[in-house]
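Using the numbering used here, you'd call the opening residue of the sequence shown number 33 and step up by one each time. First the structure, in the form of structure tokens, and then the observations on it.
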Amino acid sequence: MDQPDIDDKRSQFVPRSPHAAGRTGTWRRGIARTENHTALMGKCPPLALGLWHVLTVALLMLFIAAGDIRPAAAQQSDIASTKHNLSTSGSGSVKSTSESQICVFCHTPHAANVTAPPPLWNRELSSATYTTYTSNSLDAQTILGGVLSQPGGSSKLCLSCHDGTMALGTVGVLGGKTNVSVAMSGTDLGKMPAGPQGATSGFTRNLGVNLSNDHPISFTYDSTLATTDGELRGMDAQQRHPVGTGTVIGIRSSGYKPLLPLQNTGTGGAGQVQCTTCHDPHLNASKFLRLNRLQTSQPAGSDFNPAIDQICLGCHDKLGTAWSQSSHASQTIADEAYKLESATLREFPTGTQVWQAACLNCHDTHAVQGTRRLLREGVSGSSGGTGVGSYKLGSTSSPNSVSAVEETCYQCHTTSANSVIGTANGSVPDIKTDFSLLRHMPITTSEQKSGVETHNIKDRNFTEERTTLGQLDVNNRHAECTDCHNPHRVTRNSLFNGTGVNTQRTHTPGGTNGNLASGALRGAFGIEPVYGSRSFFAVPNSFTEKTGDGGQGASTAVASTWVTREYQVCLKCHSDYAYSDDNVYPSGNSRPELASPGTPAAATERNNYTRYTNQAREFQAPVTHQGAPGSQGTDAGAGNNTNNHRSWHPVMDITGRTTALRNGASANSWLAPWNANVGNQTMHCTDCHGNATASGTITPSGTNPWGPHGSTNNFLLKGPWNTSSGSPDTNALCFRCHSTVYANGGGTTGFRNSDRGDLHSYHREKVGSMRCNWCHVAVPHGWKNKSFLVNLNDVGAEAGQSGSKEVAISGSSSNYSEGPYYRRAKLKIVTFRQNSNWVESDCGSAQKTGTNLIANSQGSTSNNTNPATGKDWMTNTCSSPP
């Protein structure tokens with residue numbers, strides 16, 4: 033016979049799986065063998081046979097020199113059974129209608145593309161310029177001092193199909209011919225198909241040329257990067273992990289095959305992450321992954337275990353046990369299973385549970401277009417599909433204009449009918465419904481003044497620059513799920529350090545744990561104010577940032593470097609840490625403006641002021657003002673000093689005012705749990721703010737979640753707080769913690785004397801209806817006077833007045849409303865009492881005149897001074913108030 037042409041013989045090689053029974057053909061280390069190999073060799077003359085052997089050895093040497101990309105040791109190549117088999121025998125929808133060879137769509141033993149990285153590429157490379165992945169928390173980008181480099185190495189090979197710019201059937205060499213176009217089916221005009229969900233969805237493999245929603249590639253992974261990031265596996269000088277052995281990560285070389293190989297495509301041969309670090313295109317494995325796509329057993333939170341751990345953990349060490357104990361990774365917490373439709377869409381096995389999906393619950397390495405940080409479904413806009421099988425269509429717009437962190441969370445944190453997962457050991461809180469209530473945090477981009485998603489964490493602790501919180505430009509203010517929660521650390525426990533009740537997602541009100549953060553806030557980013565003055569009017573001198581995670585059993589000390597208190601998270605936004613405060617009231621010019629959806633749109637509903645108050649200023653709890661400290665009024669900023677001091681709700685610290693120091697008040701003046709250990713308890717911001725609750729309790733009804741997400745009440749309060757709050761309207765916010773005896777009488781409060789008993793009861797009897805704000809401040813975070821008492825004899829800077837002014841009150845219809853602190857206020861105090869009986873002469877006019885007397889809210893400067901104090905003054909002032 034004639035000597036066979038080697039190209040003709042190559043064109044007959046049909047690769048086969050080495051595991052298929054009765055088959056001998058395979059591409060193994062790049063060498064083709066065919067089913068008729070023996071017969072063919074037997075028919076070859078000696079010269080041809082010798083030439084074949086020489087070429088075989090040459091090909092083997094080429095592949096070894098190229099750093100042969102092989103699968104992990106525990107897996108075997110079986111490309112014939114995968115979607116990468118584009119021949120007529122392929123099982124996928126994209127395949128040739130005529131070509132039976134498998135390897136030819138990527139490789140050729142002759143005339144390979146010399147501009148392409150090895151091994152022996154049989155396609156042209158895309159000339160596209162790519163938009164690379166970028167992130168404020170991408171340390172590889174920071175180290176480079178700019179954007180990531182354009183894709184290189186094996187990633188360029190993958191993109192020659194997956195960027196959708198080149199025909200899949202066009203190969204360099206086939207059957208002795210060059211630049212051959214193989215007829216294909218299942219393509220989009222010959223190119224990578226978008227798939228049924230579309231090219232901008234998170235379920236396409238047409239990645240396009242915008243890779244900003246795809247896992248970063250072609251960056252150097254070394255000890256500098258690992259140290260800078262803080263949650264990457266440590267590397268030694270040879271770029272190996274574990275240090276010394278490198279069994280998991282490293283640069284492949286002869287005799288050294290790490291599970292996750294880097295390619296020496298970086299500067300000076302530095303090892304870089306490429307597509308083939310995670311994927312082996314020859315493997316018959318889910319997503320061609322070299323290791324587990326899903327977690328197979330409870331993560332230990334220590335060294336990477338390739339037998340059970342998800343492949344992501346091979347590189348990403350999310351603070352060890354902080355991740356393994358989290359609500360998204362713990363087998364005992366995250367045991368909800370994906371519903372069939374949602375599992376099918378995500379290509380999860382039926383019955384996959386949340387702890388198994390782990391990272392893939394919230395992230396996807398090739399996510400929806402427009403998302404940030406690879407967040408699954410993390411964009412606003414239109415959706416496709418129906419029910420739990422729906423998906424975001426994505427957008428080519430700039431990410432921060434369409435990205436929406438909350439949409440990632442809403443996959444699960446919605447109604448049980450709409451959630452992609454079922455129920456199991458404990459319900460997943462429905463947060464989305466809270467954000468649809470009348471009053472809610474401005475969670476969507478359209479509700480935020482900047483018009484874009486300005487929230488932008490910068491590191492593993494989810495810290496954020498003060499400028500993006502609102503410093504310099506209050507229009508940057510925002511509310512996103514990850515402002516308050518770190519999803520890599522959040523856990524189901526009543527205490528952040530895991531020593532509380534492990535069946536409870538949030539805090540236990542009251543008790544010895546007081547204001548400690550719950551597991552819902554574990555590892556969050558917060559701040560602690562540092563004060564230089566005890567005055568109610570003084571803003572903090574500075575702030576100490578709280579970051580990191582102390583681990584199981586961590587210290588609860590307020591001085592810890594991590595968040596230990598709920599208020600530390602809240603004050604990050606609700607203080608001048610997040611904005612400039614000119615400290616001018618009632619509104620000033622620099623604090624953020626109040627507006628819907630969190631506060632009423634009409635200024636009259638919010639007491640005629642336009643801007644937030646500084647809650648770090650209000651909640652300060654000076655030690656010298658705790659208990660019954662005597663005359664500290666001027667130290668507090670008040671004009672009336674005797675027996676006066678600051679007051680506050682015990683969010684930051686205790687008041688120290690026990691029942692014994694409250695003039696013998698009964699503990700039953702408070703509802704449980706606040707009636708225990710009065711004066712030595714602390715509380716949470718979310719004891720007052722959150723989903724509306726039933727009267728007499730702060731605990732949400734049914735499955736309603738804790739947290740200040742939304743409410744039907746103004747200011748996200750758990751109960752109404754308005755000009756009707758008091759008696760007979762005992763549904764007010766106050767009566768979620770305080771007994772209704774304050775409004776209806778019949779109790780023993782600290783406001784009393786020996787002649788008339790409880791004076792709350794006495795006033796209720798004499799006046800009839802009572803309103804809390806006649807006597808108490810309208811924003812009860814903290815105040816310059818004791819017991820939150822207003823004093824219209826001493827109105828100062830809090831109402832935009834200089835010095836200490838008296839408000840003219842001439843009768844029952846007179847009152848004073850000046851936001852934020854005065855709302856129909858009437859009380860005038862001449863003498864404060866501390867832990868002793870109040871008497872009639874304590875209340876009345878200070879008889880100020882001239883510029884020290886200001887008009888009331890009815891515009892009158894007529895002041896009742898005859899008599900100036902006592903019972904008759906009170907009768908004239910409060911006989912029938914509005």
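Using N, Cα and C, we set each Cβ at its ideal position, and we do this for glycine too. Every value quoted in this text rests on a predicted model; they were computed, and no experiment measured them.
Residue from Asn884, Phe820 and Trp594 with nearest C-alpha to Val839: Asn884
Glu379 burial status per 10 Å Cβ neighbour count (16 or more: buried): exposed
Candidates Asn869, Ala143 and Lys858, of which the one nearest Trp905 by Cα: Lys858
Extent of the continuous alpha helix (DSSP H) run through Lys209: Unbroken run through Lys209 is the beta strand (DSSP E), Lys209 to Ser213; no alpha helix (DSSP H).
Between the CA atoms of Ala148 and Leu239 - distance to the nearest angstrom: 20 Å
Where Cys720 sits in the DSSP three-state scheme: coil
Secondary structure of Cys875, DSSP reduced to three states: strand
Simplified DSSP state of Gln536, which is helix, strand or coil: coil
Beta-carbon gap between Phe651 and Gly814 smaller than 7 Å: yes
Residue from Ile175, Ser213 and Lys188 whose Cα sits closest to the Cα of Glu131: Ser213
Supposed close pair Ser550, Asn525 - CB separation, criterion 8 Å: 7 Å
Candidates Ser587, Ser619, Lys578 and Gly583: closest to Cys602 by CA position: Lys578
Enclosing beta strand (DSSP E) for Pro752 [first to last residue]: Element bounds for Pro752: n/a, residue is neither H nor E.
In DSSP terms, what Asn785 is bridged to: Gly789
C-alpha distance - Thr500 paired with Glu637, whole-angstrom precision: 29 Å
Straight-line gap, Ala692 to Tyr848 (C-alpha atoms, nearest Å): 33 Å
Where Ala390 falls: helix, strand or coil (DSSP): helix
Beta carbon of Ser663 nearer than 7 Å to that of Thr674: yes
Which of helix, strand or coil DSSP assigns to Thr256: helix
Residue burial classification, Val661 (beta-carbon count within 10 angstroms, cutoff 16): Note that residue 661 is Pro in the sequence shown here, rather than Val. By the neighbour-count rule (16 or more Cβ atoms within 10 Å), Pro661 is buried.
Whether Gly352 touches Gly383 by CB criterion (7 Å): no
Beta-carbon separation (whole angstroms), Val809 vs Cys910, contact threshold 8 Å: 18 Å between Cβ atoms; not a contact.
Whether Val280 touches Leu264 by CB criterion (7 Å): no
Neighbourhood of Asn145 by C-beta, 6 Å cutoff - its chain only, sequence neighbours within 5 removed: Trp153 and Gly204
For Cys875 and Gly902, the rounded distance between their alpha carbons: 6 Å
Whole-number beta carbon distance between Gln327 and Ala231, since they are thought to touch under 8 Å: Not really, about 30 Å apart at Cβ, beyond 8 Å.
N- and C-terminal bounds of the alpha helix (DSSP H) containing Ile175: Asp171 to Leu176
Gly742 to Leu469 span [Cα, whole Å]: 6 Å
Distance between Gln306 and Leu221 (C-alpha atoms, nearest Å): 28 Å
Run of the alpha helix (DSSP H) containing Thr714, from where it starts to where it stops: Neither: Thr714 is in no alpha helix (DSSP H) and is coded neither H nor E.
Nearest-angstrom beta carbon gap, Asp462 and Pro629 [assumed within contact, 8 Å]: Wrong, their Cβ atoms sit about 18 Å apart, outside the cutoff.
Nonlocal neighbours in the same chain, by C-beta distance under 6 Å from Lys837, ignoring five residues either side: Val827, Asn884 and Ile886
Local conformation of Asn246 per DSSP, three classes: Per the sequence presented here, residue 246 reads as Asp, with Asn not at that position. Three-state DSSP puts Asp246 in a strand.
Own chain, CB closer than 6 Å to His792, minus 5 neighbours either side, in chain order: Tyr774, Thr781 and Phe783
Local Cβ density within 10 Å of Lys209, reported as buried at 16 or more and exposed below that: exposed
Spatial distance of Ser457 from Ser587 (CA atoms): It should be noted that the sequence gives Asn, not Ser, for residue 457. Roughly 29 Å between the two C-alpha positions.
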